[in-house]
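Start counting the sequence shown at 830; every next residue gets the next number (the numbering used here). Don't be surprised by glycine CBs; every beta carbon is placed ideally from N, CA and C. These numbers were taken from a predicted model, which means no experiment stands behind them. Worksheet: one structure, shown below.
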Amino acid sequence: MTFFRLTTAIFSLCALLAMVRAADVTLTRNQDGGYAITTPTYTAIVNADGNLATLRVDGTDFLLNDYHGAVAGAFSRIQESTATWAMQTDRFTTVVQRDATTLAVSTEKRELAYHFETDAIELRFGKNLDYGTWHFTLHPSLSTIVDQLTGKDITLRKLYEAVVPQIFAPSGASITLPRGTLYYSARNIRTPTADDPHLHQLYVPRFAAMRIDIHAQPTDADRLSMLLHTERPHHIFASDEPMRFIAEGKLRIPGNAVAADLEVVASDYLTKEERYRKVVPINITSTAPQQFPFVFTLPPGIYAGHFSVRQGDSTFFSREFHFVSAPEKIALPPVPDDFDRFWDETLHEQEAIPADVQMSLAQEGEGWKLYTMRFTGLQGRQFHAWLSLPTKPGRYPAQLTLPPSGINPPYKPECRPDMVGMSLAIAGQEVTPPAGGYKQWMYFTEGIEQRETWYYRTVFAACSRAVDILAARPETDPQRIMVHGSSQGGGLTFITAALNSKVDMAFCSSPGLFGLEWKLRYLGKDFWPPIDPMLPNGKVDANALDARIAVARYGDAANFAHRITCPVFIASGLQDTVTSQAATVVAFYRLTNAPVRALLVDPWGKHSGPAPTARMFSEWRNAFINNTPATVIQRREVDGLPIVLMMK
């Protein structure tokens, strides 16, 4: 009976607290069908289209009204003209109050619930929504701070992935947005005035709840700003060089001092073995930066660091950072003794198989024609591609684009009257999907039991054959053939340049297929490609691991480095959690036969790689097309990131 009474009392207390919380939150329906929300901490408006329109805290409107806090989905459109700048967002068709603190907005296919608390707004997506996007435009009066907890100072227009943005008003009021992927930023360049809005999009993982935390009065975590930086912006340290990282703290808002513990830990990236740890008590007293250096020396290797600030049981900041010590001295896994002979024999085997190139005109433009193309590779496999050809007779530079992972339509090449373009599909799919879509199959592991039957062997050879086909075209200048790709395509680009000496330049962005043995032995199935030997219970078959590694060594892009004899550019993000870039950086230092090699590393970049990658691709391609290499080899820095440039 006592237990029953206690349980009843607890339930009653919870109900009472819920009533108190509900009493602090007021939802009022507006004449236009939207709702006004009032709490002791903030006021907000949800428009009749179901999107958050304003969010006002302590006298500051954090959102620019009539633009957004739009949460409708990833289908918003920016419309620009010489006179106006506007954003159209998908609209919800129904906006209803579900209970005292909840609004439910929906369309036929998507559903979103706003749950309003006194110091937070929780958004829950439902129905068939695979992803959501929250767009927000900061009010022009917010000229103070947007902080992303990335460990480095990033301007408003350079927001990166997997970050927690915090927006602060001059009074100290703050809003913390959910962790997600900030993948777009733009400005109203048509009217560059003082009230120019800043637009951003926040990607929300499937069915994840978004919680917007709101503080009218700053907490210690709000007051404290911490950054981590180093004298090596790319986090690549020379042999025996002391690694000097600097934690920099300051108060965002004048007021009370903040005391906390600052900790830095460094572990081997592959084995997870801890190599360094230091805890420093800090007392931040002003808005002027205070620096706390961490200096240590570690042997050649790739390391994962962890930077955190704690106050008691509360963690204010927690951020991983990666760095590399003496990459030229890091040993890669062994290359099979017959590696070169195996691939030379593979190419010789393909030469005996007629390519049987088939072409069909798909589209005509001003000065160019676009064709669909099919050719035959090893084992009679069929490969499809787009091919764009100039119509004016002459010899033109050629660009081969290799695809990222998956069975999707290949990118169309850039159709130009002064360039030959080819874009290859590697999983047997045609360039346009048939009725019902492509047949999906695990080409990654097809035939992987033996090196001779592994499908990637056929793919690598087909990429080389695509270069041969380009070189044989009368429109192609055989001295100017460029290969380019990202992710899987970046690894294929590297390997194609190694297999075919007709490649005159390779540009690899966030490349995959590097460090396959490290991936299988240390990093696990969460990293691409999905070639781990798996048991029916979803675990890796440890007994089959060595045999799988023995085959994977013949497809590891890093093992092809010594065969490349053309200029190579590699763009890499050290925090790539899709295709680990650890072996990519090490392999760069094995390009001993490349006449020019360049490496752009963003230590905070993920699979999207360094932000300036697209710009660097344009510069390298233009230099390649115009035969002006000096324009690129003179560049040693871009957007604060050093370019590691080496020439033979």
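Please report the distance separating the alpha-carbon of ASP1431 from that of THR1144.
Cα-Cα distance, rounded: 26 Å.
Let's see if you can read the secondary structure: which residues bound the beta strand (DSSP E) around HIS1058?
Residues 1053-1059.
Tell me which residue opens and which closes the beta strand (DSSP E) that PHE997 is part of.
Unbroken beta strand (DSSP E) run through PHE997: 995-997.
Reduced DSSP secondary structure (H/G/I, E/B, other) of GLU1070:
It is coil, neither helix nor strand.
What number of angstroms, rounded off, separates the C-alpha of LYS1079 from the C-alpha of THR1005?
In a straight line, the C-alpha of LYS1079 is about 18 Å away from that of THR1005.
Contact between the region 1273-1282 and the region 1301-1308 (3+ Cβ pairs under 8 Å):
Three or more Cβ pairs closer than 8 Å define a contact, and the region 1273-1282 falls short of that threshold against the region 1301-1308.
Looking only at DSSP bridge pairs, what is HIS1151 linked to?
Answer by DSSP bridge pairing, in chain order: ALA1133.
Limits of the unbroken alpha helix (DSSP H) element including ARG1286:
From DSSP, the alpha helix (DSSP H) with ARG1286 extends over 1284-1301.
Could you tell me the distance, in whole angstroms, from the CA atom of LEU1056 to the CA atom of ARG1148?
LEU1056 and ARG1148: Cα-Cα distance of roughly 10 Å.
According to DSSP, is ASN1455 part of a helix, a strand, or is it coil?
DSSP places ASN1455 within a helical segment (H, G or I) once states are collapsed to three.
Which value, in whole angstroms, describes the spacing of the CA atoms of ALA1400 and GLY1438?
Approximately 6 Å, taken between the alpha carbons.
Which residue marks the beginning of the alpha helix (DSSP H) containing ASP1375, and which one marks its end?
Counting along the chain, the alpha helix (DSSP H) containing ASP1375 begins and ends at 1374-1381.
Secondary structure of LEU881, DSSP reduced to three states:
Strand, per DSSP.
For THR1274 and ASP1024, the rounded distance between their alpha carbons:
Low confidence applies to ASP1024: its pLDDT is 46, below 50, so where it sits in the model is not reliable enough to give any reading.
When DSSP labels each residue in this structure, what does TYR1272 get in the three-state scheme?
Residue state, collapsed to three classes: coil.
For ARG1294, which option in GLU937, GLY1250, GLN1179 has the closest C-alpha, if you only look at C-alpha atoms?
Considering only alpha carbons, the answer is GLN1179.
Mapping the DSSP letters down to three states, classify ARG858 as helix, strand or coil.
Look at ARG858 here: in three-state DSSP terms it is strand.
Report the partner residues of ASN1112 according to the DSSP bridge assignment.
Under DSSP, ASN1112 takes part in a beta bridge, and its partners are ALA1088.
Counterpart residues of HIS1213 in DSSP-defined beta bridges
Assignment of beta-bridge partners to HIS1213 by DSSP yields ARG1203.
ALA1291 beta carbon less than 8 Å from that of THR1212
For clarity, residue 1212 is Phe in the given sequence; the question names Thr instead. Yes. Within cutoff.
Alpha carbon to alpha carbon, how far is LEU1403 from PRO1458? Give it in angstroms, no decimals.
Cα-Cα distance, rounded: 27 Å.
Which term fits ASN880, buried or exposed, when burial requires 16 or more other beta carbons within 10 angstroms of its beta carbon?
Classification for ASN880: buried.
Have a look at ALA838 and ILE1082 and give me their C-alpha separation to the nearest angstrom.
With a pLDDT of only 47 at ALA838, under the threshold of 50, the placement of this residue in the model should not be trusted, and no figure is reported.
Cβ separation of THR1460 and HIS1436, assumed to be a contact under 8 Å, to the nearest whole Å
Contact check for THR1460 and HIS1436: beta-carbon distance about 29 Å, past the 8 Å limit, so the pair fails to qualify.
Beta bridge counterpart(s) of PRO1122 as assigned by DSSP:
DSSP, once it has assigned bridges, lists ILE1075 as partnering PRO1122.
Assuming ILE1324 is part of the alpha helix (DSSP H), what are its boundary residues?
1317-1328 is the span of the alpha helix (DSSP H), which, as asked, contains ILE1324.
Taking buried to mean at least 16 other C-beta atoms within 10 Å of its own C-beta, is THR1022 buried or exposed?
Confidence in THR1022 is poor, its pLDDT being 41 and thus under 50, which makes the residue's placement too unreliable to answer from.
When VAL1093, LEU1352, ASN1422, TRP1449 are compared against PHE1146, the one with the closest alpha-carbon
When each option's Cα is compared against that of PHE1146, the closest is VAL1093.
Using a Cβ-Cβ cutoff of less than 8 Å, which residues in the same chain neighbour ARG1245 once the five nearest sequence positions on both sides are dropped?
If you ignore the 5 residues before and after ARG1245, its C-beta comes within less than 8 Å of the C-beta of GLY1196, TRP1197, SER1217, PRO1219, all in its own chain and listed in chain order.
Is the number of C-beta pairs between the region 1125-1143 and the region 1378-1394 that are closer than 8 Å three or more?
Touching, no.
Nearest to ASP1509 by alpha carbon, out of LYS938, GLY1353, LYS1331?
Absent from the structure is residue 1509, since the part of the chain shown begins at 830 and ends at 1477.
Use the C-beta contact count for ARG906: other C-beta atoms within 10 angstroms, 16 or more gives buried, fewer gives exposed.
With a pLDDT of only 46 at ARG906, under 50, the local geometry of the prediction cannot be trusted, and the value read off the model is given with reservation. ARG906 comes out exposed.
At which residues does the beta strand (DSSP E) containing ASP887 begin and terminate?
Boundaries for ASP887: no beta strand (DSSP E) harbours it, and the DSSP string shows neither H nor E there.
I'd like to confirm the pairing. Which residues does DSSP put opposite MET1522 in its beta bridges?
No answer is possible for residue 1522: it lies beyond the span of the chain, which begins at 830 and ends at 1477.
Taking just the CA atoms, how far does LYS938 sit from GLY1341?
Roughly 35 Å separates the two Cα atoms.
Short Cβ contact (8 Å threshold) for TRP1283 with LYS1241
Going by C-beta atoms, TRP1283 is not nearer than 8 Å to LYS1241.
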